[in-house]
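This report concerns only the one structure given below.
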Amino acid sequence: MSTATWPRQTTARPWRGRWIWSRTTGLVVPGPEEPLGALDPGTSDQRVLLRRSFSLPSTPGRATLFATADARYAAWINGERVGSGPARHDADALTYDEWDVTALLRPGLNTIAVLARFYGDPVPWWTPSRASHTMGAGAFAAELEADGEGIVATDAEWIACDADAWTPAAPQGVLASQPAELFDARRLDPDWTTRPDPSGAWHPAREIREQSIIGPRGRTTPGGEPYGAVLPRQAPALAETPLALPTGELARSGSDAVAATTAQLVAALADDISTGRVTVLDVGRIVSGRLRLTFAGTAGDIVRGGLLEAVGPAAFESAAPLQLVLRDGETVVEPFDLVAGRFLALSASAAGALPRLIRAELVETHRPRHGASFSSSDELLNRVVEVSLRTVDLSAADAYLDCPTRERRAWTGDAVVHQSVDLVANADWSLAVWNPQLLARPRPGGMLPMAAAGDFASPRIPPIPDWALHWIASVHNLFRYTGDRGLVGALLPTVEGVLRWFLPYLRDGRLVDVPGWVLIDWSPVQVRGSSAALTALWARALRQFAEMASWQGDRGRADWADRLHADVRDGFEAYWDEARGAYRDNILPDGSLGSGVSEHVAAAAVLAGIVPADRRSDVRRLLTDRAVMFTRSPLADHGADQRGPSAGSPVWRRDEPDWDTERFVVGAQPFFRSLVHAAIAELGGDLLPLYRDWDLLLATGPTALRECWEGGSYCHGWSATVAHDVIVHTLGVTPELPGYERARVAPRPETLERVRAVVPTPHGAIDVRVEGDALTVATPVPATVRWNGEEHDLSPGTHVLSGAVR
Numbered sequence: 001m002s003t004a005t006w007p008r009q010t011t012a013r014p015w016r017g018r019w020i021w022s023r024t025t026g027l028v029v030p031g032p033e034e035p036l037g038a039l040d041p042g043t044s045d046q047r048v049l050l051r052r053s054f055s056l057p058s059t060p061g062r063a064t065l066f067a068t069a070d071a072r073y074a075a076w077i078n079g080e081r082v083g084s085g086p087a088r089h090d091a092d093a094l095t096y097d098e099w100d101v102t103a104l105l106r107p108g109l110n111t112i113a114v115l116a117r118f119y120g121d122p123v124p125w126w127t128p129s130r131a132s133h134t135m136g137a138g139a140f141a142a143e144l145e146a147d148g149e150g151i152v153a154t155d156a157e158w159i160a161c162d163a164d165a166w167t168p169a170a171p172q173g174v175l176a177s178q179p180a181e182l183f184d185a186r187r188l189d190p191d192w193t194t195r196p197d198p199s200g201a202w203h204p205a206r207e208i209r210e211q212s213i214i215g216p217r218g219r220t221t222p223g224g225e226p227y228g229a230v231l232p233r234q235a236p237a238l239a240e241t242p243l244a245l246p247t248g249e250l251a252r253s254g255s256d257a258v259a260a261t262t263a264q265l266v267a268a269l270a271d272d273i274s275t276g277r278v279t280v281l282d283v284g285r286i287v288s289g290r291l292r293l294t295f296a297g298t299a300g301d302i303v304r305g306g307l308l309e310a311v312g313p314a315a316f317e318s319a320a321p322l323q324l325v326l327r328d329g330e331t332v333v334e335p336f337d338l339v340a341g342r343f344l345a346l347s348a349s350a351a352g353a354l355p356r357l358i359r360a361e362l363v364e365t366h367r368p369r370h371g372a373s374f375s376s377s378d379e380l381l382n383r384v385v386e387v388s389l390r391t392v393d394l395s396a397a398d399a400y401l402d403c404p405t406r407e408r409r410a411w412t413g414d415a416v417v418h419q420s421v422d423l424v425a426n427a428d429w430s431l432a433v434w435n436p437q438l439l440a441r442p443r444p445g446g447m448l449p450m451a452a453a454g455d456f457a458s459p460r461i462p463p464i465p466d467w468a469l470h471w472i473a474s475v476h477n478l479f480r481y482t483g484d485r486g487l488v489g490a491l492l493p494t495v496e497g498v499l500r501w502f503l504p505y506l507r508d509g510r511l512v513d514v515p516g517w518v519l520i521d522w523s524p525v526q527v528r529g530s531s532a533a534l535t536a537l538w539a540r541a542l543r544q545f546a547e548m549a550s551w552q553g554d555r556g557r558a559d560w561a562d563r564l565h566a567d568v569r570d571g572f573e574a575y576w577d578e579a580r581g582a583y584r585d586n587i588l589p590d591g592s593l594g595s596g597v598s599e600h601v602a603a604a605a606v607l608a609g610i611v612p613a614d615r616r617s618d619v620r621r622l623l624t625d626r627a628v629m630f631t632r633s634p635l636a637d638h639g640a641d642q643r644g645p646s647a648g649s650p651v652w653r654r655d656e657p658d659w660d661t662e663r664f665v666v667g668a669q670p671f672f673r674s675l676v677h678a679a680i681a682e683l684g685g686d687l688l689p690l691y692r693d694w695d696l697l698l699a700t701g702p703t704a705l706r707e708c709w710e711g712g713s714y715c716h717g718w719s720a721t722v723a724h725d726v727i728v729h730t731l732g733v734t735p736e737l738p739g740y741e742r743a744r745v746a747p748r749p750e751t752l753e754r755v756r757a758v759v760p761t762p763h764g765a766i767d768v769r770v771e772g773d774a775l776t777v778a779t780p781v782p783a784t785v786r787w788n789g790e791e792h793d794l795s796p797g798t799h800v801l802s803g804a805v806r
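Numbering (UniProt numbering), first residue to last: 1 to 806.
Here is the structure:
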């Protein structure tokens, strides 16, 4: 039976449910200046309550709620939460959710209640669709089916109410991007999801009728302008784990005023933290999900705070701050957006006694993980793998996120590490397969944006060219692990477009003056002029494209990529400094060779296959001589425990060499170490000593891995490469043929006395165990196994091989 699963191509469904909203529109009236309509900034961040009651003669055998929205919704049936959605999507690629609600229905009267939100301003997980006369500024559609028959669908019989209990909150800025939750509980009926006659200014919902400058008009159901075909959710349904959080007495805030803006709220919270007027409740580890707080107090009491990754004056600039005005008695508050952090920091103001936090809960939410395992005789390594997996869990929702505690963006390049971990340590491959498809949204010219399906997808934000090359590596992963020709074939045109985007900057086999933000890594790798690291990453991507195109039977495109790869192999020689015995980082604009040396260039060149055979020993020596490696990150002074994202030196600044470049080598941060480990493994070097570097990350963040060796976010999935590398390099489990039609197992346990892993494949799990000089392999597919210096051709089944490995 297959253990590795992923979604298949799907098509749109016909809808009966119509687009509905409140009477308030988020669009300006079309006119001579805006003939197609445009977003109205005056109605930004609008929330709408929607309801529909209906009767059932009996409980159905199976009931399904289909729902979608622009931008987001949360739904309840009979007061019980159904879920929220839709999943992260591109501006013109809206999706819908399918919820099994059988257990929530009952004979007699039932009520569906929805809180829908239109952000207006782009946020990290959403960006506005194109406004089209009547559409593109707040809409919800749903239908309920029971035993295959339609029961109720959105239409004018639903009722709506503008939810004025929330103050609109724009993102704080480009980097401080999570919107605040400014909620006045006195203005919301706490029983609005269940009360037969809820209080408030309810009115019949407004059906939204599509109107376009061209084509047919009058459509009211999903599928027209501006969203196109509304397809089923491809991101996996999130696993949910309820957690109880600590509670305690609240400190008295230094401010008694209700903040009317996010900036005022952040300023008040920063003042409370800096003066010690805040209660900090330690959850004990980083958590991520849906927060639910219950307070006891008096109407008008104010509570401010949030869930933070670290406590400092800048904490609320990076997190999602909240302000709550309580009602009499108990007030239950559940912020609309997911949050993450370790410390629940709260302060309060009141005319009399301070309100009390009487319950705190968080439903942790992330993509499922199961069907794989790892253990060894090295407890530090076990701990590194455990925390690496936990970090990816926290960073895996409807996309692979950079850091759930801060940005929650789906960065184009970061995700290759998350995906690589999931492909070897999780039998649920749905997000590993979907994420590269989500990111495949090229701009004109072929380059991918630096992040997808959110604010940084904007054409106003420059790309990170090397991030698109890491995205190509994630497509190559799909080729190797899934062997799905249709899936990979659909992505290859985008891969080719990315590769062709670089051609105008190719001179003599090297990339020169490539625009955008050439990041490579947070370490100070020199990139001015002609970057050796970027050139090598492009060569690796050409090699990967050629392999995939050849597998698809497209020999012409494979030959095109092979010819370019050969040109780079020849041109790359210009970076070599014989006297230094290393590749230099760059060639300066005046044509002189730069002075910097980094392991980034050496590792990328090895993986690109452009290092001559007689030079590989020199490159191996450089990569394995850890005594001369040093790292430095501009993020060391950025963070919730230091200065916020808008303070300090710009993170894109790159230090010119002020170190002895003839002696020292710029070392990789955790992200690029995935390439370094792969290169050292290819060259036959040892990796266990390198894995132990992660002890430094455990010291600064023992429950989730930090972004860099020196600072950065406290939970960054791109730092989790060890959980992948112990499977692929140490135990040597890889697909020898695409889709694991044949496996390869070539363990190099080094000093480990015992190591074992269960690794998912589309055909079942491979179980590999090394104990002393014995290797046990249980495989569902034929496998080439290398052990004791010999190769064995094994059939499916369980095999035991003996003899010391060499």
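Glycine is no exception: its CB is placed at the ideal position from the N, C-alpha and C atoms.
None of these values were measured; they are calculated from a predicted model.
Endpoints, alpha helix (DSSP H) assigned at residue i
| i | result |
| --- | --- |
| residue 297 | Per DSSP, residue 297 belongs to no alpha helix (DSSP H); it is in the beta strand (DSSP E), 279 to 297. |
| residue 567 | 555 to 571 |
| residue 418 | 415 to 425 |
| residue 477 | 465 to 482 |
| residue 547 | 532 to 551 |
| residue 602 | 599 to 608 |
| residue 728 | Element bounds for residue 728: n/a, residue is neither H nor E. |
Spatial neighbours of residue i in its chain, beta-carbon cut-off 8 Å, leaving aside the 5 residues before and after
| i | result |
| --- | --- |
| residue 20 | 50, 139, 140, 141, 154, 155, 156, 158, 160, 205, 206, 207, 208 |
| residue 483 | 735, 737, 738, 739, 740, 741, 762 |
| residue 10 | 231, 232, 234 |
| residue 589 | 513, 528, 529 |
| residue 275 | 254 |
| residue 185 | 165, 324, 325, 326, 327, 331, 333 |
| residue 682 | 606, 607 |
| residue 68 | 85, 86, 94, 95, 96, 97, 140, 141, 142, 222, 230 |
Contact check, residue i vs residue j, beta carbons under 9 Å
| i | j | result |
| --- | --- | --- |
| residue 522 | residue 712 | yes |
| residue 124 | residue 455 | yes |
| residue 811 | residue 268 | With the chain covering 1 to 806 only, the question about residue 811 has no answer from this structure. |
| residue 355 | residue 250 | yes |
| residue 37 | residue 48 | no |
| residue 548 | residue 495 | yes |
| residue 810 | residue 545 | Nothing can be reported for residue 810: it is not among the residues displayed for the chain, which extend from 1 to 806. |
Cβ shell of residue i (< 7 Å), same chain only, five flanking positions each side left out
| i | result |
| --- | --- |
| residue 604 | 533, 536, 537, 540, 675 |
| residue 266 | 172, 316, 317, 321 |
| residue 407 | 124, 177 |
Rounded straight-line distance, which links the Cα of residue j to that of residue i
| i | j | result |
| --- | --- | --- |
| residue 322 | residue 271 | 15 Å |
| residue 806 | residue 378 | Confidence at residue 806 is low in this model, with a pLDDT of 48, below 50, so its placement is unreliable and the value that follows should be read with caution. The alpha-carbon atoms of residue 806 and residue 378 are separated by roughly 20 Å. |
| residue 473 | residue 416 | 7 Å |
| residue 665 | residue 679 | 16 Å |
| residue 388 | residue 299 | 45 Å |
| residue 77 | residue 106 | 10 Å |
| residue 1 | residue 136 | Residue placement at residue 1 is poorly supported in this model, since its pLDDT is 36, which falls under 50; the coordinates are not used for a value here. |
| residue 402 | residue 225 | 32 Å |
| residue 380 | residue 726 | 13 Å |
| residue 278 | residue 342 | 15 Å |
Residues near residue i in its chain [Cβ-Cβ closer than 6 Å; skip 5 each side]
| i | result |
| --- | --- |
| residue 670 | 719 |
| residue 88 | 125, 398, 399, 453 |
| residue 351 | none |
Range covered by the beta strand (DSSP E) that runs through residue i
| i | result |
| --- | --- |
| residue 162 | 159 to 162 |
| residue 434 | No beta strand (DSSP E) holds residue 434; the alpha helix (DSSP H) holding it covers 430 to 439. |
| residue 109 | 108 to 118 |
| residue 304 | 302 to 308 |
| residue 329 | 329 to 333 |
Hey, is the segment 169 to 185 in contact with the segment 312 to 322, meaning 3+ C-beta pairs nearer than 8 Å?
In short, these stretches touch, since the Cβ pair count reaches three.
Indicate whether the contact test is met: 3 or more Cβ pairs, each with one atom in the segment 427 to 437 and one in the segment 368 to 378, closer than 8 Å.
Yes: at least three Cβ pairs fall under 8 Å.
Check whether the segment 702 to 710 and the segment 621 to 635 touch, using three or more Cβ-Cβ pairs below 8 Å as the test.
The segment 702 to 710 is in contact with the segment 621 to 635.
Meets three-Cβ-pair contact criterion under 8 Å: the segment 794 to 804 and the segment 403 to 416:
No, they do not touch.
Are the segment 239 to 249 and the segment 164 to 173 in contact at 8 Å, needing three or more beta carbon pairs?
Verdict: no, contact absent.
Does the segment 741 to 757 come within contact of the segment 549 to 564, defined as at least 3 CB pairs closer than 8 Å?
Short answer: they don't touch.
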